[in-house]
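Asker: Below you'll find the structure I mean.
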Amino acid sequence: MQFPSPLFIMARNSISVWEYAMEDVLQLTKDQLDALRELGNIGSGNAATALAQFLNRKIDMDVPMAKILPLDQVSGLVGGPEQQVMGIFLKVMGQLSGRFILLIPTNTAVKLLQALMPGFEVATPGKFGDMETSCMREIGNILAGSFLNALSVLTRVPMLNSLPSMAIDMAGALLDTVISDMAAVSDHVLMIETSFVESQENLRIHIFLLPDPASLDRLLEILGVK
Amino acid sequence: MPEIYPVGMADIRIAKAPDVLAVYGVGSCVIVAMYDPKSTIGGLAHVILPDSTGIASERLNPKKFADTAVPLLYQTLSHAGVFKGSLWAKVVGGAEMFPPTEDFSLNIGKKNTEAVIDALKKLGVPVMAADTGGTAGRSMEMRLDSGRISLTVLGESARDL
Numbered sequence: 000m001q002f003p004s005p006l007f008i009m010a011r012n013s014i015s016v017w018e019y020a021m022e023d024v025l026q027l028t029k030d031q032l033d034a035l036r037e038l039g040n041i042g043s044g045n046a047a048t049a050l051a052q053f054l055n056r057k058i059d060m061d062v063p064m065a066k067i068l069p070l071d072q073v074s075g076l077v078g079g080p081e082q083q084v085m086g087i088f089l090k091v092m093g094q095l096s097g098r099f100i101l102l103i104p105t106n107t108a109v110k111l112l113q114a115l116m117p118g119f120e121v122a123t124p125g126k127f128g129d130m131e132t133s134c135m136r137e138i139g140n141i142l143a144g145s146f147l148n149a150l151s152v153l154t155r156v157p158m159l160n161s162l163p164s165m166a167i168d169m170a171g172a173l174l175d176t177v178i179s180d181m182a183a184v185s186d187h188v189l190m191i192e193t194s195f196v197e198s199q200e201n202l203r204i205h206i207f208l209l210p211d212p213a214s215l216d217r218l219l220e221i222l223g224v225k
Numbered sequence: 000m001p002e003i004y005p006v007g008m009a010d011i012r013i014a015k016a017p018d019v020l021a022v023y024g025v026g027s028c029v030i031v032a033m034y035d036p037k038s039t040i041g042g043l044a045h046v047i048l049p050d051s052t053g054i055a056s057e058r059l060n061p062k063k064f065a066d067t068a069v070p071l072l073y074q075t076l077s078h079a080g081v082f083k084g085s086l087w088a089k090v091v092g093g094a095e096m097f098p099p100t101e102d103f104s105l106n107i108g109k110k111n112t113e114a115v116i117d118a119l120k121k122l123g124v125p126v127m128a129a130d131t132g133g134t135a136g137r138s139m140e141m142r143l144d145s146g147r148i149s150l151t152v153l154g155e156s157a158r159d160l
């Protein structure tokens, strides 16, 4: 007997998402992961260009990866769970949904702000004012917007980002908030990860895109690797 | 030398004096610590979500949810030979890391905390102390010789709970 697709059921009856969500991300094949990595490649290429224009600097990009991580390893992703970082978090909305997170070491954030606002006296990371905060949120907005725009063009599915939220705290604490409700069913999370490097001042920005488990089926279908 | 055992997301661990159970970088997750001073056995549950309702039982990881992880920790400690009558709990975490924007608010830390307190009430385990909510991440270590928890927030010195 043929069952209707999980997304169809959700749309009609709005049954609990989790019961019909994508099977465990551990079941993803190598081809599927390659396709997701390529998606990351296209998105981050566009985002890197946008950042380079915004900063008027040369930005290099690491090869993106589509990673499946066990929950207990997530908190140590960027220099250990207690490492102080700036996190900029956005929701991806539309037919394909997910999360978009930038993690920026605080000294990099300060240098970015100095580059963007020459002459402005940037406060220490714990004491950021409105100017610093809104400037960093704007960077998040630009990066997420250009990343998702490239994906929308590729998949022909419109994707929008929410307004960004920003916090400075332990990397582990920022990440657990972002991934916990994506991990209701699976004990692993799928993340498309890349980082941008500006070599002149050695600035590094980590970028993570996490497709919602409920969107993953649809995404794989669009990419032709379902 | 006491061993330090870290407890990762969606994990439950128990240990005995003089060892130490620790969690580093807690955001919206809630850490439930249970301890029995008589047997000096204690455990931590690293809860990530409030409610397991709606998840098919064969896919359910009981260590993730407040309503299942708290009873599981209690059960595990009972099997390990604690005196249930002298068991108490402390609760740490449940912060809102990202300030709400016009588009969304996560609010998951508060729900986690409420669900954990509720589950402890059902089991009849008294809550000795709690440090929850706020907007800052926490790290904690629980020494099983005394049950004392040392709590750290970025930029502040450690304090006892």
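Top to bottom, those sequences are chains C and L.
Here numbering that gives the first Met the number 0 is used: the first residue of the first sequence is 0, the next is one more, and so on.
Here numbering that gives the first Met the number 0 is used: the first residue of the second sequence is 0, the next is one more, and so on.
No residue lacks a Cβ here, since even glycine has one placed at the ideal position from N, Cα and C.
Please report the distance separating the alpha-carbon of Leu160 of chain L from that of Ala88 of chain L.
Answerer: So the alpha carbons of these two residues sit roughly 11 Å apart.
Asker: Output needed for Ser96 of chain C: all residues of its chain with C-beta closer than 6 Å, excluding positions within five of it in sequence on either side, in chain order.
Answerer: Cβ neighbours of Ser96 of chain C beyond the five flanking positions: Asp211 and Ser214.
Asker: 9 Å is my cut-off, CB to CB: does Pro61 of chain L come that close to chain C?
Answerer: Taking Cβ atoms only, chain C never reaches closer than 9 Å to Pro61 of chain L, which makes this a no.
Asker: Do Val25 of chain L and Met127 of chain L count as a contact pair if the criterion is CB distance below 9 Å?
Answerer: The answer is no: Cβ separation not under 9 Å.
Asker: Decide yes or no for the touch test of the segment 9 to 29 of chain L against the segment 72 to 84 of chain C: beta carbon pairs closer than 8 Å, at least 3 of them.
Answerer: Yes, since at least three Cβ pairs between the segment 9 to 29 of chain L and the segment 72 to 84 of chain C fall closer than 8 Å, the two stretches touch.
Asker: What are the residues of the segment 104 to 130 of chain C that lie near chain L, defined by any Cβ-Cβ distance shorter than 8 Å?
Answerer: Here the close residues are Gly125.
Asker: Quick check: the Cα distance between Tyr4 of chain L and Arg142 of chain L, rounded to an integer number of angstroms?
Answerer: About 11 Å.
Asker: So who's on the other strand from Asp35 of chain L, going by DSSP bridges?
Answerer: According to DSSP, which records beta bridges pairwise, Asp35 of chain L is partnered with L:Ile40.
Asker: Among the candidates L:Ser27, L:Val31 and L:Lys37, whose CA atom is the shortest distance from the CA of Ala16 of chain L?
Answerer: Checking every option, the nearest Cα to that of Ala16 of chain L belongs to L:Lys37.
Asker: Establish whether the CB of Ala14 of chain L and some CB of chain C are separated by less than 9 Å.
Answerer: So, not an interface residue.
Asker: Assign Arg155 of chain C to buried or exposed, taking buried as 16 or more other Cβ atoms, counted over all protein chains shown, within 10 Å of its Cβ.
Answerer: With fewer than 16 other Cβ atoms within 10 Å, it is exposed.
Asker: Tell me the rounded alpha-carbon separation between Glu197 of chain C and Asn40 of chain C.
Answerer: Straight-line Cα distance between these residues: approximately 18 Å.
Asker: So Thr193 of chain C is in the beta strand (DSSP E); what residue range does that whole segment cover?
Answerer: Where Thr193 of chain C is concerned, the enclosing beta strand (DSSP E) stretches over His187 to Glu197.
Asker: What are the start and end residues of each continuous alpha helix (DSSP H) run of 4 or more residues lying completely inside the segment 101 to 130 of chain L, in chain order?
Answerer: Runs found: 107 to 122.
Asker: Could you tell me if the beta carbon of Gly39 of chain C falls within a distance shorter than 8 Å of some heavy atom in the ligand COA?
Answerer: This structure simply doesn't include the ligand COA, nor any ligand for that matter.
Asker: Do you know whose CA, among C:Gly118, C:Val84, C:Phe119 and C:Val91, lies nearest Asn106 of chain C's CA?
Answerer: Looking at the Cα atoms, C:Val84 is the closest of the given residues.
Asker: With DSSP as the reference, label Ile30 of chain L as helix, strand or coil.
Answerer: If DSSP states are grouped into helix, strand and coil, Ile30 of chain L belongs with the strands.
Asker: Roughly how many whole angstroms lie between the Cα atoms of Val188 of chain C and Asp180 of chain C?
Answerer: Taking the straight line from one Cα to the other gives about 10 Å.
Asker: Any contact of the segment 25 to 38 of chain C with the segment 56 to 66 of chain C, i.e. 3+ C-beta pairs under 8 Å?
Answerer: Flag = yes, the segment 25 to 38 of chain C and the segment 56 to 66 of chain C touch.
Asker: Quick one: residues in its chain with C-beta nearer than 8 Å to the C-beta of Ala150 of chain L, no 5 flanking neighbours on either side, listed in chain order?
Answerer: Per the sequence shown, residue 150 of chain L should be read as Leu rather than Ala. Taken in chain order, the residues that qualify are Val91, Asp130, Arg137, Ser138, Met139, Ala157, Arg158, Asp159 and Leu160.
Asker: From Asn12 of chain C to Val46 of chain L, what does the alpha carbon distance come to, in whole angstroms?
Answerer: No answer about Asn12 of chain C holds up, because its pLDDT of 31 lies below 50 and its placement is not dependable.
Asker: For a contact defined as C-beta to C-beta under 8 Å, what are the partners of Thr28 of chain C on chain L?
Answerer: Under the 8 Å cutoff, chain L gives no residues; its nearest Cβ is about 20 Å from Thr28 of chain C.
Asker: To the nearest angstrom, report how far apart Pro117 of chain C and Leu50 of chain C are at their CA atoms.
Answerer: Approximately 17 Å, taken between the alpha carbons.
Asker: Name, in chain order, the residues that DSSP records as bridge partners for Val156 of chain C.
Answerer: Beta-bridge pairing links Val156 of chain C to no other residue.
Asker: By a C-beta neighbour count over all protein chains shown, 10 Å radius and 16 as the cutoff for buried, is Glu101 of chain L buried or exposed?
Answerer: The residue in question, Glu101 of chain L, is exposed, as its Cβ has fewer than 16 Cβ neighbours within 10 Å.
Asker: Specify whether the segment 62 to 76 of chain L and the segment 106 to 122 of chain L touch according to this definition: at least 3 beta carbon pairs, one from each stretch, less than 8 Å apart.
Answerer: The segment 62 to 76 of chain L vs the segment 106 to 122 of chain L: in contact.
Asker: So which residues of chain C does Pro101 of chain L contact, with C-beta pairs closer than 8 Å?
Answerer: Checking the sequence, you will find Glu at residue 101 of chain L rather than Pro. Within chain C, the residues near Glu101 of chain L are Leu162.
Asker: So, is the C-beta of Glu192 of chain C closer than 9 Å to a C-beta in chain L?
Answerer: Cβ-Cβ to chain L under 9 Å: no for Glu192 of chain C.
Asker: Residues in its own chain within less than 8 Å of Asn45 of chain C by CB, not counting five upstream and five downstream?
Answerer: Same-chain partners within the cutoff: Ser145, Phe146, Asn148 and Ala149.
Asker: On the DSSP letters alone, give me the boundaries of the beta strand (DSSP E) that Leu209 of chain C sits inside.
Answerer: Leu202 to Pro210 is the span of the beta strand (DSSP E), which, as asked, contains Leu209 of chain C.
Asker: Evaluate Ser104 of chain L with the Cβ neighbour count: other Cβ atoms within 10 Å of its Cβ, from every protein chain shown; 16 or more gives buried, anything less gives exposed.
Answerer: That one is exposed.
Asker: Beta-carbon within less than 6 Å of Phe2 of chain C's beta-carbon, same chain only, minus the 5 sequence neighbours each way: which residues are those?
Answerer: Since pLDDT at Phe2 of chain C reaches only 39, below the 50 mark, its modelled position is unreliable, and no value is offered.
Asker: Cα-Cα, which of L:Ser56, L:Val19, L:Ala65 and L:Met0 is closest to Thr112 of chain L?
Answerer: Of L:Ser56, L:Val19, L:Ala65 and L:Met0, the residue nearest in Cα terms is L:Ala65.
Asker: Within its chain, find whatever has a CB closer than 6 Å to the CB of Met21 of chain C; leave out the 5 residues flanking it on each side and keep chain order.
Answerer: In this prediction, Met21 of chain C has a pLDDT of 47, which is less than 50 and means its spatial position is unreliable; nothing more can be read from the coordinates.
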